[in-house]
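First up is the structure itself, then whatever we jot down about it.
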Amino acid sequence: MPPDATDSPCAPGAAVLPGVGVGSPPAGLTGARRVAVHRPAGHTPTSDVWAPAPVATVTAPPPPAAPVSPRTGRRAHARVKARAAGGQGRGFLARAAAVTAALTAVGAVLGLVRDQILAGYFGAGAETDAFLVAWTVPEFASTLLIEDAMALILVPAFSRALARRSGSLSGDPVRDLVRGTLPRLTLTVGVVAAVLIAAAPAVVSVLAPGLSDPGLAVDCTRLTATCVLTFALVGYCSAALRAHHVFLPPAAIYVAYNVGIIGTMVLLRDPWGVRSAAAGVAVGGVLMVLVQAPALLRELRARPVPSREPEVPATGSAGDGRLVVLGLIAPVVAFSLIRQSQTLIERFLAAPLPSGAISHLNYAQKIAQMPMILSLMLCTVSFPVVARALAAGDPEGARRRVERDLLLAAVVVLVGASVVIAAAPKIVELLFQRGEFDRSDTVATAAVMRVYALGLLGQTMVGALVRCYFSAARPLWYPAAAMAAGLAATAAAGVPGAAAWGAVGLAAANALGITLTAVLLLRGAHRQTVPVRSDRLGEGLLRLATAAAWATGAGWLCSVAIDPPLLSLGVAGLVVGGVFLTFIACAAKAPEIPPLPHRSLRRRRTAHARPHRAAPSAAEAAPVGEAAPVGGDVPLGHGHR
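In our numbering, the protein residues as written are 46 to 686.
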């Protein structure tokens, strides 16, 4: 992280004792040493500062604290100043990742509870298929407005505004950006939501022709269409808060969402049937907005007081607004739409299949995607760090951060996918086999889940690599083109696959298409803003996949040998993790798995190393105001020093 002002030998606010001269060393100062004075970036030194050796400094009283708005309070003001000063240090990322992991896990557990209630109440028949067609709308809106497009557009925009905010004496670039984008966004998505509600019959006929109960699907679609407006507001708040390095409210949105769906289903199941689940989507969307809105308002009110004018010309907020609307939105939206169209193809091709095919695909995806969600957690936390590193002109630091995240994400998703493939029937039996969900549904869902898990590494790599392309403020169409190639492969393989193997064939087509997209994005990443070393990274991913294959085989043997579902799953998980780590430790040229660093480790290492080293570290040598490597991350193939 950038050094604090007190790291300087002659810090701001320090009074130098008599005997210190300026220019060449005075004749009476034998053994004098040059004193390094940190000056603002861009300032040309006119003289040298000399001090006798040894020399002591007396720290003057700190300057008075900047005035704080009574509404925000001193603590909020201090948090903003700390983040503006470079809060992306190792300890910060570790804490942010831990908070995000905890809340992501809670949201995932509640999502499983939601799906268990849905399966227990309504099974895997025509009624559930009708709701899942309507569920396409929130799935599509979530990808476009929360997870991909909104974050990829707005996190860099807010990062640039925050970089100018600390040096602007007139106006507030962050507030100007909000005023220039939020009203237009709200109006646009509000109109889209109204159109979807009115055109629900046409939407259902296009999404799932041949559905056994289209009227029920239309009713559910009209309820879920309201999430287009709420999800847009949720995505906007999430992007703004993450750019401010506030991760707790964005991580809690899916907890609120699933609580809303579960509560509404429990309360309205008898009078409304499966429509209660669709109403829960509308309620959950409102709760997601309410979780984040207060935190965003606090961040907009608590602005650090600048101490100097900006050193480089800054574009106005209107320019940022035009950039968001015209520059980045087209390629990002195109990528997100094409990516989510894989679900549309699955639902379209599965609609003519026997009742329950859409439900089996849905339940299989929900379980299999849990490792992917957890693996992308770290990328979500570090994306604002990458954007700020690029804004500060540090592509090397951004590259190290991205490569590190890709390795860690691959480890998590491959271990999870191995467990899913090895113990799929036991997982489905343990989670869903009750009520209207019978043994035949378990067998069908487990078969789909095993095939679908083959594409989890590709799903994770696409979600992580696309940040390399959209971290900078310039439009890039390559991700959309790569995603279109993968979608074409999914469609081409899905038609014969559905005819021959039903839902299993559709899952295989999905895995094929997303893996092709991941390969294309990885091959093209080295030419983009974040110059990821694709050849070396691909070699490491291949070795990790080999370890996962061995672990899957060992876990499958344990799952078959043990009958009780919970015990079987537990043993299979332990064996998969043990075999995977053993293979990585023993295999020749196995890729290093870098741990997520913590501030305490850094302090211990620094305390022991500082008295003995001759040269300062990059973070210590960087002047105040210059960007140091983000987090001090270790490149692939190099260990900690």
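Backbone N, C-alpha and C define an ideal beta-carbon position, used for all residues, glycine too. Because the structure is a prediction, the values reported are computed rather than measured.
Next item on the list: Spatial neighbours of T188 within its chain, please: CB distance less than 7 Å, with the 5 preceding and 5 following residues excluded, ordered by chain position.
Entry: Closer than 7 Å at the Cβ level, and outside the excluded window around T188, lie S381, R384 and Q385.
Item checked: Buried/exposed call for W180, threshold 16 Cβ in 10 Å -> Residue environment: W180 is assigned as buried (16 or more neighbouring CB atoms within 10 Å of its CB, all protein chains considered).
Notebook entry, point to check: If G165 sits next to F482, beta carbons under 8 Å apart, how far is it from one beta carbon to the other, in whole angstroms?
Noted result: 7 Å between Cβ atoms; contact.
Item checked: Per-residue burial, W522 [other beta carbons within 10 Å of its own, 16 or more giving buried] -> So W522 counts as exposed.
Item checked: Buried/exposed call for G29, threshold 16 Cβ in 10 Å -> Summary: the structure shown does not reach residue 29, with the chain confined to residues 46 through 686, and so no result is reported for it.
Checklist line | Nearest neighbour of P524, chosen from G508, A534, A536 and G539 [CA to CA] | finding: The residue with the shortest Cα to Cα distance from P524 is G508.
Notebook entry, point to check: Does the separation of the CB atoms of S463 and T173 fall below 8 Å?
Noted result: Result no, Cβ atoms of S463 and T173 do not sit closer than 8 Å.
Check: From S284 to V605, what does the alpha carbon distance come to, in whole angstroms?
Finding: The identity of residue 284 in the sequence shown is Ala, whereas the question assumes Ser. Going by the C-alpha atoms only, they are around 45 Å apart.
Checklist line | T487 in three-state terms, based on DSSP | finding: For T487, the secondary structure class from DSSP, reduced to helix, strand or coil, is helix.
Item checked: DSSP three-state assignment for S463, whether helix, strand or coil -> Here S463 sits in helix by DSSP.
Check: To the nearest angstrom, how far is it from the Cα of L589 to the Cα of L459?
Finding: Rounded to the nearest angstrom, the two C-alpha atoms are 8 Å apart.
Notebook entry, point to check: Quick one: Cα of A238 to Cα of T271, how far?
Noted result: Those two C-alpha atoms are separated by around 6 Å.
Checklist line | G366 - DSSP class collapsed to helix/strand/coil | finding: Summary for G366: the model assigns pLDDT 44, below 50, so the residue's position carries little reliability, and this model does not support an answer.
Check: Between which two residues does the alpha helix (DSSP H) carrying F176 extend?
Finding: Start and end: A171 to S187.
Notebook entry, point to check: Thinking C-alpha only, which one of A492, L232, Y514 and P416 is nearest A443?
Noted result: Checked all of A492, L232, Y514 and P416; the closest Cα to A443 is Y514.
Margin query: On a Cα-Cα basis, can you pick out the residue from L177, A529 and A208 that is closest to A563?
Written below: Here the closest residue by C-alpha is A529.
Check: Buried or exposed: where does G438 fall if 16 or more other Cβ atoms within 10 Å of its Cβ makes it buried?
Finding: Classification of G438: exposed, given that the 10 Å Cβ count is below 16.
Notebook entry, point to check: What does a CB cutoff of less than 6 Å around C273 pick up in its chain, not counting 5 residues either side in sequence?
Noted result: Note on identity: in this sequence residue 273 is Val, with Cys being the wrong assignment. Here the set comprises A186, V234, V237 and A238.
Next item on the list: Specify the secondary structure class of D160 as computed by DSSP and reduced to three states.
Entry: Looking at D160 - three-state DSSP - the assignment turns out to be helix.
Next item on the list: Report the residue from Y299, V621, A548 and A396 whose alpha carbon sits nearest the alpha carbon of R159.
Entry: Considering only alpha carbons, the answer is Y299.
Margin query: Looking only at its chain, what residues have a beta carbon closer than 8 Å to the beta carbon of T388, apart from the 5 residues adjacent to it on each side?
Written below: The beta carbon of T388 sits closer than 8 Å to those of T181, E184 and F185, all from its chain and outside the five residues before and after it, given in chain order.
Next item on the list: Count the C-beta pairs between the segment 543-552 and the segment 390-410 that are closer than 8 Å, then say yes if the count reaches three, no if not.
Entry: Output reads yes: the segment 390-410 touches the segment 543-552.
Next item on the list: Leaving aside the five residues before and after A592 along the sequence, list all residues of the same chain whose C-beta is less than 6 Å from its C-beta, in chain order.
Entry: If we look at A592 and ignore the five residues flanking it on each side, its Cβ neighbours are F625, F628 and I629.
Notebook entry, point to check: Can you tell me whether DSSP reads Q387 as helix, strand or coil?
Noted result: Q387 falls in the helix class under three-state DSSP.
Checklist line | V496 versus Q161 - alpha carbon distance | finding: Counting only the Cα atoms, Q161 lies some 21 Å from V496.
Checklist line | Alpha-carbon spacing of V621 relative to A413, whole angstroms | finding: Between V621 and A413, the C-alpha separation is close to 16 Å.
Checklist line | Pair within 8 Å by beta-carbon distance, R392 and V447 | finding: V447 is positioned such that its CB atom lies no closer than 8 Å to that of R392.
Next item on the list: Inspect the beta-carbon positions of L406 and V326 and report whether they are closer than 8 Å.
Entry: In this structure, V326 does not lie closer than 8 Å to L406 by Cβ.
Notebook entry, point to check: Taking G152 as the reference, which of P254, D258, V304 and A244 has the closest Cα?
Noted result: Out of P254, D258, V304 and A244, the CA that lies nearest to the CA of G152 is found in V304.
Next item on the list: Look at the alpha carbon of V336 and the alpha carbon of D580, and state the distance between them as a whole number of angstroms.
Entry: C-alpha separation (whole angstroms): 42 Å.
Checklist line | Through-space distance from P218 to E344, alpha-carbon basis | finding: Distance between the alpha carbons of E344 and P218 is about 13 Å.
Item checked: Cβ neighbour criterion (16 or more within 10 Å) applied to L551 -> With 16 or more Cβ atoms within 10 Å of its Cβ, L551 is classed as buried.
Note to self: Would L148 and A301 be called neighbours here (beta carbons separated by less than 8 Å)?
What the structure shows: No. Outside cutoff.
Next item on the list: Alpha carbon to alpha carbon, how far is P246 from L278? Give it in angstroms, no decimals.
Entry: Straight-line Cα distance between these residues: approximately 26 Å.
Item checked: Spatial distance of H289 from V144 (CA atoms) -> Looking at the two C-alpha atoms, the distance is approximately 16 Å.
Notebook entry, point to check: Could you check where the alpha helix (DSSP H) with H405 kicks off and where it finishes?
Noted result: Unbroken alpha helix (DSSP H) run through H405: A402 to S420.
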